[in-house]
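Protein chains in written order, with our numbering: chain L, 465 to 932; chain P, 465 to 932. Scroll down for the structure; my scribbles are underneath it.
Structure follows, in structure tokens:
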């Protein structure tokens, strides 16, 4: 017999997609102030929807940055656990817009996938989660746990004010565990639970070689070129295989053991297919090497590089300035401030002759996280996945960063389970971001199964996992 | 007693500056199609002015690119020499506009200099030249030589169609020598004649490492980064001292001899002051080494470099594409096509693992030039400078390129004398381009003296210097 909550959700499937189209039409790009109107529109949309679902205390809350949307249903009583259900309404910039096959803010169905900026990261998955909770509440008249909703507006810019906002509202957000609708399933063909994330850190550097741009005919041969200097400097960061050459970069990082490598080798993965799917040259790496690089080793990437004349035609200029944006992914044990310091030492030591280096102050960064294997919410989530897919989920990690996991642990003393129905091949942060349509049915079933699995749980079950 | 032509010019000095302001207000940027209207406005302005001066056959002439403005006064008779007086009405892009202290297309006087894009390169110097010729014609009723005016619209984009245009109109442009109002005096404190130019060559390269931009959390560590590849590739082009490492790059180049070095050492030059004037780290180079690098050695500069996210804030992207614009300055003996081939071989050989390289087709390029020491127009020009400055001009070269010199030699079989009253420190091609106000009086005097010095010359005097 079909679960009546799932029946209700499936009956309204078209309504769900229509609401998702409204939500992605809100251009909520958090990194660029030009999109402020879209950010406000997304918040207003969510407030209306949460109120309609029966949530109380619906509103916005901020600590100097983009406000979060929050709401509560605390009708399960003081002995029931409280879950902080998390998602984010902000998205990455759509650039380069010309690379999109359909307009980035118009939800477009194509080849079994819905396309739009933010559809997979994280508007689809977060709407899916809360629609399931709302349907449960509508059908059953109550939820098995107390729920506090937190929809962040700064996930794509490193959750700048989330810690401050939670710190200033600890009572409002007090919970026994966090349940994230963000974070992405590793892949579509295998049920997995993600138990760890990499941290991150970002900075920007500028090199200057002259007081002004110079004409290459008048100064060519006698003036240094900032772009040459930048190329020389960036070329010192990695070897030809892409390994990081910054001394002290990995200080404190958990060593990768032979047991780790054996566990990775046991996870089936077609590396050649992966390489082909993103159009990169075949790496020839084994499963274990691939997963080790993706999950257990840090990275250092140049995300943007620019200087000189970049318009149409040519310009015979010797550029006086060059700029680069850099970001890093960190593994458990790495301390962001120490990583930033090691990078700064390297950059200063390798700054080419004739150039002066300016390193922008780094933000705090985010540490990597790893969840306990017997955490009751993790076990319940694994049970829900097993019940709806018929397969035991594999425990995996993710190469990406969820600042939430680190912040709620530090501020609220709780662990986070990621229960997302996005999948990692859906071009987050790139043109043509998309979301499998099948995730809708799978996600409805799993979220309802998880709520069913939490029936009868009490706060006491979570006591051992608090991290004061 | 003041020369009546000079008296007339000085009396109308304010009118000259007002006309120059009108001319620089025409936004004649040739490299970017967005400026087509400004290009047309500059041509229309020149046609009106040349007709008002008494030139005949005033009009535009084109060969598939931006039209040139041309005009003639051939009343000196068939035995008098014909001079092709050259300038250009196109200018460099004003970018970065925010670095200008006054709007780039508003002529602004400040600290004894006029500021605007193109004021020095080449609108001021070309207007100066033709106003002097026009005043001579008005006062004397005739000129000592036949004059054909050629104001090019593609000097800043490598004179793409100039050769074709001259080739198709050889009778119209037949002359005994070319006299250029472009080319820049080397410096303000010393009368000099520029007898040689460097050639040039430009290309653009693209590296691709994946089919699309990738999220650094999902792919960081397992996907190559196009910006890393570009940095590695560009870092192979020069050593730490800026010397070019491309094998075969200098093939055919005239060797720098000890005699060359001795001649350079005899030219006074304050290298430390030069370095300080453009805000570069002190090079510690001698006169001779400095001038050798600037005049007698080729260069290879990256003029623009870009890829990934370059907007506000950060974006955790692994860019799939990186782009660079490159240009070269060539010395006598280097063949542009061979230089381009050597560069392509180097780039392909050093293309990093995992990246594919695309090299845009190079245009033909321009060879370096060197004028005969006893050319009658050179000797007359030196005489005019000596008469007006009281000092014997030094023969120097320039590090920049004047495609004209190469093209009129190849197509019309004549040499070019550069007689410009721009000076090399006037920030051509950079923000805050400017032109010394004193160049106006100096230029008027010298151009009139040169015309006086050509009185009595015949075509026969130039016969030995034709280069069929």
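Each residue gets a CB set at the ideal place from its N, CA and C atoms; glycine is no exception. Please read these numbers as outputs of a predicted model, since none were measured by experiment.
In the assembly as shown, residue 653 of chain L is an exposed residue. Its beta-carbon has fewer than 16 other beta-carbons within 10 Å.
With contacts defined as CB atoms closer than 8 Å, residue 645 of chain P and residue 550 of chain P qualify as a contacting pair. For residue 664 of chain P, the number of other beta carbons within 10 angstroms of its own is at least 16, and it is reported as buried.
For residue 910 of chain P, the closest alpha carbon among the candidates P:592, P:575 and P:524 is that of P:592.
With contacts defined by Cβ atoms closer than 8 Å, residue 742 of chain L and residue 678 of chain P form a contacting pair. The C-beta of residue 770 of chain L comes closer than 8 Å to at least one C-beta of chain P.
Residue 519 of chain P and residue 558 of chain P have their C-alpha atoms spaced approximately 32 Å apart. With contacts defined as CB atoms closer than 8 Å, residue 571 of chain L and residue 488 of chain L qualify as a contacting pair. Within a 10 Å sphere around the beta-carbon of residue 788 of chain L sit 16 or more other beta-carbons, which makes this residue buried. Between the segment 530-548 of chain P and the segment 843-853 of chain P, the count of Cβ pairs shorter than 8 Å is below three; the stretches do not touch. Here the segment 787-804 of chain P makes contact with the segment 761-780 of chain L; the two share three or more CB pairs at distances below 8 Å. In the assembly as shown, residue 836 of chain P is an exposed residue. Its beta-carbon has fewer than 16 other beta-carbons within 10 Å.
Here residue 537 of chain P is bridged, per DSSP, to P:611. For the pair residue 615 of chain L and residue 908 of chain L, the CB atoms are not nearer than the 8 Å cut-off. For residue 613 of chain P, the closest alpha carbon among the candidates P:628, P:624 and P:638 is that of P:638.
The segment 527-586 of chain P contains, as complete beta strand (DSSP E) runs of 3+ residues, the segments 532-537, 546-552, 572-574 and 577-579 (chain order). Non-local C-beta neighbours of residue 499 of chain L in its own chain, meaning closer than 6 Å and more than five positions away in sequence, comprise 491 and 493, ordered along the chain. Taken in chain order, the complete alpha helix (DSSP H) segments of 4 or more residues contained in the segment 640-718 of chain P are 680-683 and 690-698. Residue 627 of chain L and residue 526 of chain L have their alpha carbons spaced roughly 11 Å apart.
With distances taken between CA atoms, residue 495 of chain P lies nearest to P:623 out of P:623, P:542 and P:468. Shown in chain order are the members of the segment 852-881 of chain L whose Cβ falls below 8 Å from a Cβ of chain P: 862, 863, 864 and 865. Residue pairing by DSSP puts residue 898 of chain L in a beta bridge opposite L:579.
Scanning its chain for C-beta atoms nearer than 6 Å, with the 5 sequence neighbours on each side dropped, one finds around residue 514 of chain L the residues 522 and 535, in chain order. The continuous beta strand (DSSP E) containing residue 767 of chain P extends over residues 763-772. Counting only runs of 4 or more residues that sit fully inside the segment 786-827 of chain P, the alpha helix (DSSP H) segments are 800-814, in chain order. Interface residue (Cβ-Cβ distance to chain P less than 8 Å): residue 773 of chain L is classified as such.
Proximity of residue 659 of chain P to chain L, defined by a Cβ-Cβ separation below 8 Å, is not satisfied. Under the Cβ distance rule, residue 709 of chain L does not count among the residues neighbouring chain P, no pair being separated by less than 8 Å. Per DSSP, residue 757 of chain P lies in no alpha helix (DSSP H) and is assigned neither H nor E.
Flagged as an interface residue toward chain P: residue 496 of chain L, by a C-beta distance shorter than 8 Å. Put simply, of L:603, L:625 and L:512 the residue whose alpha carbon is nearest the alpha carbon of residue 916 of chain L is L:603. The segment 750-764 of chain P and the segment 724-733 of chain P touch, with no fewer than 3 CB-CB distances between them shorter than 8 Å. Against residue 683 of chain P, the close residues of chain L are 742, 758 and 863, in the order they occur along the chain (beta-carbon pairs closer than 8 Å).
Runs of the alpha helix (DSSP H) lying entirely within the segment 835-922 of chain L and spanning at least 4 residues, in chain order: 840-853, 867-876 and 902-917.
Under DSSP, residue 524 of chain L forms a beta bridge with L:533.
Short of 7 Å from the beta carbon of residue 895 of chain P, and not among the five residues preceding or following it, lie these beta carbons of its own chain, in chain order: 560, 563 and 564.
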